[in-house]
Structures are given as C-alpha cells and as structure tokens.
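Trainee:
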C-alpha cells in the first residue's frame, strides 16, 4: 500500500526541507511496503540497555518552518497519539543517528526524544506491544507522534493501515542499570527483567555448602558431567526459577548475539547459558558485551551439559 508519509533525515544541527528533497536522494516518490522478495522479519523486541545519548542530536533544529527542541533525557516520558510507519523508500538511507535505516529492524523515529532511546509502544486498539530503538527524527506531521519501522508496525498489526493510536513509554537505563519504564517507579535491572525471585531460593551445591540464588550466580561452581573430560565453555547469564522467563530471555539473547543458548535445570534452578563457545576471543568479547548491556553478573563456566 502506497503511503505519503513525510520523512526527513537529520544528521546534525539545523535541517532544511530543501536538503531532504535533493534530486535523486530517494528512488521512490512515495513510501511502500517491501516490493521485493524477503524473509519474514523476526520482529523480536529490541533489548533495552544503557546507551549514551548522541550529543549532536540534542541541538534544536527546524523543519517546515517549525523549530524542535530535543529533550535532554527520556526518563519518565509517556505519550499517547497516532503512530505512522516508514518502509522501502527509506530503506538503506542514513537515519539522524548516522545509522543505515533497515525497515526489518525494530526501530523508530521521534521528533524530540534523545537519540538513541528505547521505547515500549502499545497499540491501543489491540493491546499488542513492541520495544523499539529510536534512532531517527520524524514524523513531521502535527497529528503523529512516532514513525515506526515496517517490522515494528507489522508486529503491532497496523502495517496495512497508515496509522494506529498508540501509547509510548520510554524504557530508560541509567549508568548503574537502574530502569524506569514510563512514569513507573525506578527499579533495579534484576527487578525489571524478573531475574530476582521474590524470595531467595536455597540450593545445594555438591551437597556440602548452601548458597542463595544471588550467591550462586557469582560464586557456585556449576555441576557438569565430566566423565569424558571434554569440557566446553559457556557464559552463564542468570539463574531463574521461572522457566518461561528463562525461555523468553534466551530467545532474545540468541537472536541478538547469534549464539546457541542452553537452559539446564541444576539444583532446582534454571541456568540460562550461552554456548557452547569454542573461540576464546569470542568468549571474552561476548562476556564484556553482556556485562555492558545489562548482565553485570555474567560469567564463564566450563563443562559439558
């Protein structure tokens, strides 16, 4: 379905409409769904994390004679209004954050939120939700509050329509991994992700010493079957009592980092692990990435499942 959604790319500073309408900038005159063969997008929610705002995107800018003043923080931000979406016309072109727009990724454009920001978007007509990473500016229509990627619009069930009424809730991470969703109270990352049971669960390790789940995550040696002596390397991300939560986090991490995941049930707790991993360099890089992206207690373990 053809759409006439105005989209502009903000690279830095003040923007002019003429710059965005330069001849030959876009191959299509009007936007559309993909017109070429493609694999169905995964439509996996973005994994919110702490990501510093880009300073060059915080300056005021002007579009169509209207001046916009980007927010200095998205913490506590909520909004309701119309969402539009953008697709093939802008596929591959740079976003305001200096990244290539991919209509199959869960991203979005907003006029004033800091870039980048993570936002939970709820379609108020059907209750469907999507978590997107805002990395672009727009839409520059007074009655629209966000422009979602094609994949995000598809997940929310309105890609066949021009707009949908939605609620936006910024998922704000600070440098200490404290999380604030919309206007809700700030909580720890563990509380946000559901990784901390409401009460400590006591487990036995090697039938000798007892630890709480929190202690086990950091200190306890996992139990492996080492009869063949062929140990492999895994990264343990968390220990959870809820299997459904473990599977949910496992699916996201597997898609995000492109590695296998395992959820062995050891000592009455589900151990969420990435691996097996054979390359030491990959292990170190992935471990550092996990620690920086909301899993500060991730650590390596050796053994065979």
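In our numbering, the protein residues as written are 10 to 314. Glycine residues also receive a C-beta, built at the ideal position from the N, C-alpha and C atoms. As the structure is a prediction and not an experimental result, all values here were calculated from the model.
(1) Going by other Cβ atoms of all chains shown within 10 Å of its Cβ, with 16 needed for buried, is residue 249 buried or exposed?
(2) Nearest-angstrom Cα distance between residue 62 and residue 302?
(3) Between the C-alpha atoms of residue 171 and residue 304, what's the straight-line distance to the nearest angstrom?
(4) When we look at the beta-carbon of residue 153 and count the other beta-carbons within 10 Å, is it buried (16 or more) or exposed?
(5) Going by CA-CA distance only, name the one from 251, 106, 243 that's closest to residue 296.
(6) Which residues in the same chain as residue 254 place their Cβ atom closer than 7 Å to its Cβ, once the five residues preceding and following it in sequence are excluded?
(7) Quick one: Cα of residue 100 to Cα of residue 68, how far?
(8) Quick one: is residue 69 near chain D, going by C-beta distance under 8 Å?
(9) Is residue 114 buried or exposed, if buried means 16 or more other CB atoms sit within 10 Å of its CB?
(10) Since residue 63 is in the alpha helix (DSSP H), which residue starts that stretch and which ends it?
(11) Looking at residue 143: is its Cβ nearer than 8 Å to the Cβ of residue 126?
(12) Between the Cα of residue 104 and the Cα atoms of 258, 146, 292, which residue gives the shortest distance?
(13) If residue 167 sits next to residue 112, beta carbons under 8 Å apart, how far is it from one beta carbon to the other, in whole angstroms?
(14) What did DSSP end up calling residue 299 once you bin it into helix, strand or coil?
(15) For residue 278, tell me which candidate among 245, 290, 289 has the shortest Cα-Cα distance.
(16) Give the DSSP bridge partners of residue 132, in chain order.
(17) Suppose you measure from the CA of residue 102 to the CA of residue 95; what does that come to, to the nearest Å?
(18) Under the DSSP definition of a beta bridge, which residues are partnered with residue 75?
(19) Please identify the residue among 196, 193, 135, 195 whose C-alpha is closest to the C-alpha of residue 174.
(20) Checking 8 Å against the spacing of the C-beta atoms, do residue 80 and residue 148 come in under that value?
(21) Tell me the rounded alpha-carbon separation between residue 235 and residue 48.
Mentor: Put simply:
(1) buried
(2) 15 Å
(3) Cα to Cα, residue 171 sits roughly 38 Å from residue 304.
(4) Buried is the call here.
(5) 243
(6) Around residue 254, the same chain offers 203 as residues with beta carbons nearer than 7 Å, after the five sequence neighbours per side are excluded.
(7) 25 Å
(8) Looking for chain D here will not work: only one protein chain is present.
(9) That one is buried.
(10) Looking at the DSSP string, residue 63 is not in any alpha helix (DSSP H), and its letter there is neither H nor E.
(11) yes
(12) Of 258, 146, 292, the smallest CA-CA separation from residue 104 is found for 146.
(13) No, residue 167 and residue 112 are not in contact; Cβ-Cβ is about 15 Å, not under 8 Å.
(14) helix
(15) 245
(16) 175
(17) 12 Å
(18) 72
(19) 135
(20) In this structure, residue 148 does not lie closer than 8 Å to residue 80 by Cβ.
(21) Note that residue 235 scores 36 on pLDDT, short of 50, meaning its location in the model is unreliable and no value can be drawn from it.
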